[in-house]
Amino acid sequence: MKKISVIIPKSVPVLHPDSDTREKEKRPRSWQAELSHAVTDVAELLRLTGNRIEDILPVNPKALQFPLRVPHPYIQRIVPGDINDPLLRQVLPVSLEAEQKPGYITDPLDEASTNPQPGIIHKYAGRVLLILTGSCAINCRYCFRRHFAYKENRNSKKQWLRALDYIRNDQSITEVIYSGGDPLLNSDKNLDYLTRAIADISHVKRLRIHTRLPVVIPQRITPGLLKSLAGNRLKIAMVVHINHHNEIDKRVKTALKPLRDHDITLLNQSVLLKGINDRAALLTRLSEALYDAGVLPYYLHLLDKVDGAAHFDISQTEAQKLVGRIAANLPGYLVPKLVTETPGQVAKTPLLPIL
Ligand SMILES: *Cc1c(COP(=O)(O)O)cnc(C)c1O
Ligand code: SF4
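Under the working numbering, think of the first position of the sequence shown as 98, with each following residue one higher.
As structure tokens, this is what we get:
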């Protein structure tokens, strides 16, 4: 087997092969418990996914600018013993991350300049994006915010009040987007408070939630969250983030169903990733699995050129050809819009399929 080099601390912790902490399907823990039990140790992740530490080449962790973090419900969908598993590869820190490539920078979307005050990104007309927390339940290696100034975008009540003032004072804002990090890391109580306050601003019509949590820890969709979202006048859309059909298991479907039942529009955004979903057959299967789970494909993003993620990148032309191939297989509503983000543009830039 060809060895891959994984970034791993030199002092590899002692492994206890008998104490398999892999969760049993029967009794899911609360989402908060899943979060605190998330795996942060590379050796443990390899062990839980049936990979041998001997089969990888350890690399000095200095290269690891962005920590490892993977909750168990996601790990359970990784095919054991396959170091190239598409779910594993989304979270496994490999040495390629340390390679610097020209054009790959720390803030590819220039968010620093569209950050009018901490916690707000107001880049597109009518829509304001609120960063409700800096962290995520999972750390995806290709994340364009892997270098973002989260410390200055920390959550605080004061900051939320200032964001509400900002929205109140701008009549052109018709849609508020909860983003992050992952906004659903906030408690139901805090989200309920914020959502009610936004619903009280009459020019806001829609609320959108960009989250990966229903996929990563399905039990995050609590009755309390559903009640809070359903109980106000706003039209709500939830945009989840799924890149591969194996991410959708029974628990994810079960979590998404009540959202639909409460009139919440479910959309998906994916990132086109080399070695993970860059084949027409896989993207077709993803769209079908999404629709089966009640979710419509929305965006397929070209990778943002962030430092440390160049090894996931696919060229624009190759991406357009791939989408051309899936467009030939699927009804139009199951073909995601291929987009890229260019700083300074009024919207994300659509890239047409090459048929
Ligand atoms: C993508 C994005 C939005 C939403 O754009 P849509 O095209 O409406 O989905 C809003 N704000 C920021 C900063 C974004 O990156
Ligand atoms: S869930 Fe989204 S924001 Fe969080 S690490 Fe993954 S890609 Fe980045």
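Built from N, CA and C at the ideal position, the CB exists for glycine as well.
Residues lining ligand 1 by the Cβ criterion, that is a Cβ closer than 6 Å to any of its heavy atoms, are Ile218, Lys220, Tyr221, Arg224, Leu226, Ile274, Ala444 and Lys445 in chain order.
Cβ-Cβ distances below 8 Å link alanine 334 to Arg303, Leu304, Arg305, Ile306, Ile361, Thr362, Leu363 and Leu364 in the same chain, with the five nearest sequence neighbours on each side left out; the list follows chain order. By the criterion of a C-beta distance shorter than 6 Å, leucine 143 is surrounded in its chain by Ile150, once the five residues flanking it on both sides are discounted.
Taking the Cα of threonine 308 as reference, the smallest distance to any Cα among Ala377, Leu282, Asn148 and Val156 is reached at Leu282.
At the C-beta level, isoleucine 172 and threonine 137 stay beyond 8 Å of one another. The closest CA to that of phenylalanine 409, considering only Val191, Ala135 and Leu161, is found on Val191. As a beta-bridge residue in DSSP terms, arginine 224 pairs with Tyr221 and Glu272.
When Val188, Ser269 and Arg174 are compared, the shortest CA-CA separation from lysine 220 is found for Ser269. Here the alpha carbon of threonine 437 sits roughly 36 Å from the alpha carbon of serine 127. Take glutamine 256, set aside five residues on each side of it, and the residues of its chain with a beta-carbon closer than 7 Å to its own are Pro215 and Gly216, in chain order. Ligand 2 has no heavy atom closer than 7 Å to the beta-carbon of glycine 216. Taking each of Lys354, Gly231 and His342 in turn and checking the Cα distance to leucine 383, the smallest one comes out for His342. Nearest C-alpha to valine 273 among Ala222, Gln162, Val313 and Ser284: Ala222.
At the C-beta level, histidine 359 and alanine 327 come within 8 Å of one another. Cβ neighbours of arginine 348 within its own chain (closer than 6 Å, five residues either side excluded): Pro315. In this structure valine 392 is buried. Its beta-carbon is surrounded by 16 or more other beta-carbon atoms within 10 angstroms. Of Pro158, Leu331 and Leu310, the smallest CA-CA separation from isoleucine 345 is found for Leu310.
DSSP places tyrosine 239 outside both helix and strand once states are collapsed to three, so it counts as coil. Following the DSSP letters along the chain, one finds leucine 291 inside the alpha helix (DSSP H) bounded by residues 285-296. Taking a C-beta distance under 8 Å as the contact criterion, proline 450 and glycine 421 qualify as a contact pair. Your pair leucine 397 and proline 355 does not check out as a contact, with CB atoms roughly 27 Å apart and the cut at 8 Å. Not one heavy atom of ligand 2 is found less than 7 Å from the C-beta of aspartate 389.
Bridge pairing for proline 447: Val436 [DSSP]. Check the Cα spacing between leucine 369 and each of Arg357, Ile339 and Tyr388: the tightest is with Ile339. Going by DSSP, glutamine 413 is part of the alpha helix (DSSP H) stretching over 413-424.
For the 8 Å CB-CB criterion, glycine 278 and serine 325 do not form a contact. Annotation for glutamine 417: Leu435, Leu448, Leu449, Pro450 and Ile451 place their beta carbon closer than 7 Å to its own, counting only its chain and skipping 5 residues before and after. Listed in chain order, the beta strand (DSSP E) runs fully inside the segment 329-407 are 332-338, 362-368 and 393-398, counting runs of at least 3 residues.
Histidine 408 has its Cβ no nearer than 7 Å to any heavy atom of ligand 2. Ranked by Cα distance from isoleucine 180, the options Arg166, Ile373, Thr381 and Ala386 are led by Ile373. At least one heavy atom of ligand 2 is found less than 7 Å from the C-beta of glycine 277. Short of 7 Å from the beta carbon of lysine 100, and not among the five residues preceding or following it, lie these beta carbons of its own chain, in chain order: Asp152, Ile153 and Leu154. For histidine 307, the three-state secondary structure derived from DSSP is strand.
Taking 7 Å as the cut-off, one finds at least one heavy atom of ligand 2 near enough to the beta carbon of isoleucine 235. Collapsing the DSSP output to three states places isoleucine 175 in coil.
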